[in-house]
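Visitor: If you use this note's numbering, the sequence shown corresponds to residues 21 to 222, in order. Here you go, one structure.
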Amino acid sequence: MTHPTDTPLYPFKESPSQTAGPYVHIGLTPNFCGISGVYDADLGTAMVDDRTKGERITLQGRVIDGAGNPLTDALVEIWQADADGRYPDGREPGFSGWGRAPADAKTGMFRFDTIKPGRVSYPDGRMQAPHINIWIVARGINLGLNSRIYFEDEAEANAADPVLLRMDLQERAGSLIAKGGGGSYSHDIHLQGPQETVFFDI
């Protein structure tokens, strides 16, 4: 006779992990996929309008795999502070603080039209450099990847940023810095390899 204590407490096996694709675009960006009637416009497409305060910028880039190829099925989301360094609470006119963009099916390029964020304070009171938080999913990625994007023309602020300073390998901080200036920035996300982007465990 089997004693109750001999029965495994959790007899079930772990469910297999699932990747984010290939159907993620159908659910999140139906208009991009040619499916009309779900939303007037895909959510996250427009972050700014004529009322938005701050310096208008364009941010574009690609998600690159370990073989150096752009992922044409990547989906990218960003969230950021407004020009005054505050995260929108829904009451800021003309600025959502959040955007979503699918990669171009041929080039793998994503693009956001937004504003340069203001500086946000760190928990200990130090000011962080202007940055954009980024989240990436694609076929083959089981859990969305979180990272940040800083700006090349904010070198002084970047040098004192408390998050960048916490990195053990300071040379890797460059993987988080978008190139450009004057309102136009480019930034590629490398999933693997010598240029691998720093990702955050959050």
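Where a beta carbon is used, it is the ideal one built from N, C-alpha and C, also for glycine.
How would you call Phe132, buried or exposed, if buried means at least 16 neighbouring beta carbons within 10 angstroms?
Guide: buried
Visitor: Would Thr134 be called buried (16 or more neighbouring beta carbons within 10 Å of its own) or exposed?
Guide: It counts as buried.
Visitor: Would you identify the three-state DSSP class for Ile154, choosing helix, strand or coil?
Guide: strand
Visitor: Pair every Cβ in the region 115 to 127 with every Cβ in the region 182 to 199, then say whether three or more of these pairs are closer than 8 Å.
Guide: no
Visitor: Note down, in chain order, each residue of its chain lying with its Cβ closer than 6 Å to the Cβ of Lys73, except the 5 sequence neighbours on either side.
Guide: Ala103
Visitor: Short check: CB of Gly128 to CB of Ala101, under 8 Å?
Guide: no
Visitor: Rounding to the nearest angstrom, what Cα-Cα distance links Val44 and Glu97 in this structure?
Guide: The C-alpha of Val44 lies about 13 Å from the C-alpha of Glu97.
Visitor: Using the three-state DSSP reduction, which class does Leu224 fall into: helix, strand or coil?
Guide: For the chain, the structure presents residues 21 to 222; residue 224 sits outside this window and is missing.
Visitor: On the DSSP bridge list, what partners appear for Ala198?
Guide: Phe171.
Visitor: Straight-line CA distance for Thr49 to Gln80?
Guide: Distance from the CA atom of Thr49 to the CA atom of Gln80, rounded to whole angstroms, is 18 Å.
Visitor: Please state whether DSSP places His210 in a helix, a strand or coil.
Guide: His210 falls in the strand class under three-state DSSP.
Visitor: Could I get the ranges of all uninterrupted alpha helix (DSSP H) runs contained in the region 54 to 123, with 4 residues as the minimum, in chain order?
Guide: none
Visitor: Could you tell me the distance, in whole angstroms, from the CA atom of Arg168 to the CA atom of Ala175?
Guide: 15 Å
Visitor: Are the CB atoms of Asn178 and Ile152 nearer to each other than 8 Å?
Guide: no
Visitor: Which whole-angstrom value describes the C-beta separation of Asn51 and Asp69, a residue pair presumed to lie in contact below a C-beta threshold of 8 Å?
Guide: Not really, about 19 Å apart at Cβ, beyond 8 Å.
Visitor: Would a C-beta distance cut-off of 8 Å place Asp85 and Leu165 closer than the cut-off?
Guide: no
Visitor: Helix, strand or coil, according to DSSP, for Ile46 in the structure here?
Guide: helix
Visitor: I'd like the list of long-range same chain contacts for Tyr142, defined as Cβ closer than 6 Å, with 5 residues on each side in sequence excluded.
Guide: Gln148 and Pro182
Visitor: Could you round the C-beta distance between Gly105 and Met67 to whole angstroms and report it? I think they count as a contact, below 8 Å.
Guide: Contact flag wrong, Cβ pair sits at about 17 Å.
Visitor: Could you give the first and the last residue of the continuous beta strand (DSSP E) run that contains Ile235?
Guide: Past the boundaries of the shown model lies residue 235; the chain is included only from 21 to 222, so the question cannot be answered.
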